[in-house]
Amino acid sequence: MSVEALTKTETAEVLYEVKHRVATITLNRPDRLNAWTPTMAEQLREALMRAQADDNARVIVLTGAGRGFCAGADMAGLAARVGGLGAMQPKHDAPTEGLAANFAQRVSYMLAVKKPIIAAINGPAAGIGFVITLFCDLRFMAANAKLTTSFARRGLIAEHGLGWMLPRLVGPMNALDLLFAARMVEAKEAEAMGLVRMLPADGFLAAVQERAGEIANLSSPRSVAIMKRQVYEAMFQSLAEATAIADRELAACRSTEDFREGVASFVEKRKPNFTGR
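The numbering of the sequence shown is this note's numbering, which starts it at 1 and goes up by one.
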């Protein structure tokens, strides 16, 4: 099957499909605005691991079915569980020591996925749904969509690394505004904060997939994977450490097929055909 062919597998709460080297993962509880459940958490992880191993996929788009992205934890489940939101997650015993531990937490594992993950925020994103978008590499938001942290209005706190990641994306004041007020934020304001890039609601998902396709088909998958790792590991490194790693990676690039193809395609004025090697 060629990389242009469409493959689609449906599971109970997550959809997975690949077209034009872009894997689209869809949270699939549209009747509940894709409210979060333990099953959805497990199936999302499975879908991301599948995309990482899928040779036909080079970029991942994460979106929601219907008119919502993810409205947060299923409140019916919350009310039924004394354990609160933590009980809405599958059991997850993550390490807490060493660099690798930072990329092995309940949501932060998304940073360790070697392929770019793009959030296509097509509708409401709240609570854990909002948190998930922060651990995607790029965030596009439909002009009519809204997002909220929601936790303060539920008597909860900044969960799942939210208090660490959000200030790094929008700065401490904007982060605390979003956390304290837990108000609804429209796409225009979220874009002004640098949190998302806004696209028209009409044809939104297709537009995001087109952006993803540009990366998937014009950028070296090897380069992209290394750059993603560099950016997130640099959050725990000094400038000197990050520079030394970059120097080693640069030297390694010069003997790769993708480097040779990148130079050749530029000289020959054609689109590159990268192999990832």
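C-beta: ideal position from N, C-alpha, C; glycine also.
**OP:** Tell me where the alpha helix (DSSP H) around residue 213 begins and ends.
**Re:** 204-218
Original post:
Any chance the stretch 171-185 sits against the stretch 142-149, with 3 or more Cβ pairs inside 8 Å?
Top reply: yes
Original post:
In this structure, what does DSSP give as the bridge partners for residue 19?
Top reply: 22
Original post:
Any idea what DSSP makes of residue 251, helix, strand or coil?
Top reply: helix
**OP:** Using only alpha-carbon positions, find the residue among 117, 12 and 111 that is nearest to residue 235.
**Re:** Answer by Cα proximity: 111.
Subject >> Any alpha helix (DSSP H) of 4 or more consecutive residues that is wholly inside the stretch 102-176 >> reply: Correct list: 109-112, 128-134 and 162-170.
**OP:** Output the boundary residues of the alpha helix (DSSP H) element that contains residue 231.
**Re:** 221-233
Subject >> Between the CA atoms of residue 142 and residue 204 - distance to the nearest angstrom >> reply: 6 Å
**OP:** Consult DSSP for residue 314 and reduce its assignment to one of helix, strand or coil.
**Re:** Because the chain in this structure spans residues 1 to 277, residue 314 falls outside the shown range and cannot be described.
**OP:** Return the CA-CA distance between residue 260 and residue 252, expressed in angstroms with no decimal places.
**Re:** 12 Å
Subject >> Within-8 Å CB hit, residue 178 to chain B >> reply: Of the chains in the structure shown, none is chain B; there is only one protein chain.
Subject >> Nonlocal neighbours in the same chain, by C-beta distance under 6 Å from residue 257, ignoring five residues either side >> reply: 275 and 277
Subject >> First and last residue of the uninterrupted beta strand (DSSP E) at residue 62 >> reply: 59-64
Original post:
Using CA coordinates, which residue listed in 130, 137 and 184 is at the minimum distance from residue 158?
Top reply: 130
**OP:** Have a look at 223, 195 and 21 and flag the residue whose alpha-carbon is nearest the alpha-carbon of residue 210.
**Re:** 21
**OP:** Can you tell me the Cβ-Cβ gap for residue 64 and residue 122, rounded? I've got them flagged as a contact below 8 Å.
**Re:** 6 Å
Subject >> Exposure of residue 137, with buried meaning 16 or more beta-carbon neighbours within 10 Å >> reply: buried
Original post:
What is the DSSP secondary structure of residue 272, reduced to helix, strand or coil?
Top reply: It is coil, neither helix nor strand.
Original post:
Among residues of its own chain, excluding the 5 on either side of residue 14, which ones have a beta-carbon nearer than 8 Å to its beta-carbon?
Top reply: 25, 26, 27, 28, 40, 43, 44, 46 and 47
**OP:** Leaving aside the five residues before and after residue 238 along the sequence, list all residues of the same chain whose C-beta is less than 7 Å from its C-beta, in chain order.
**Re:** none
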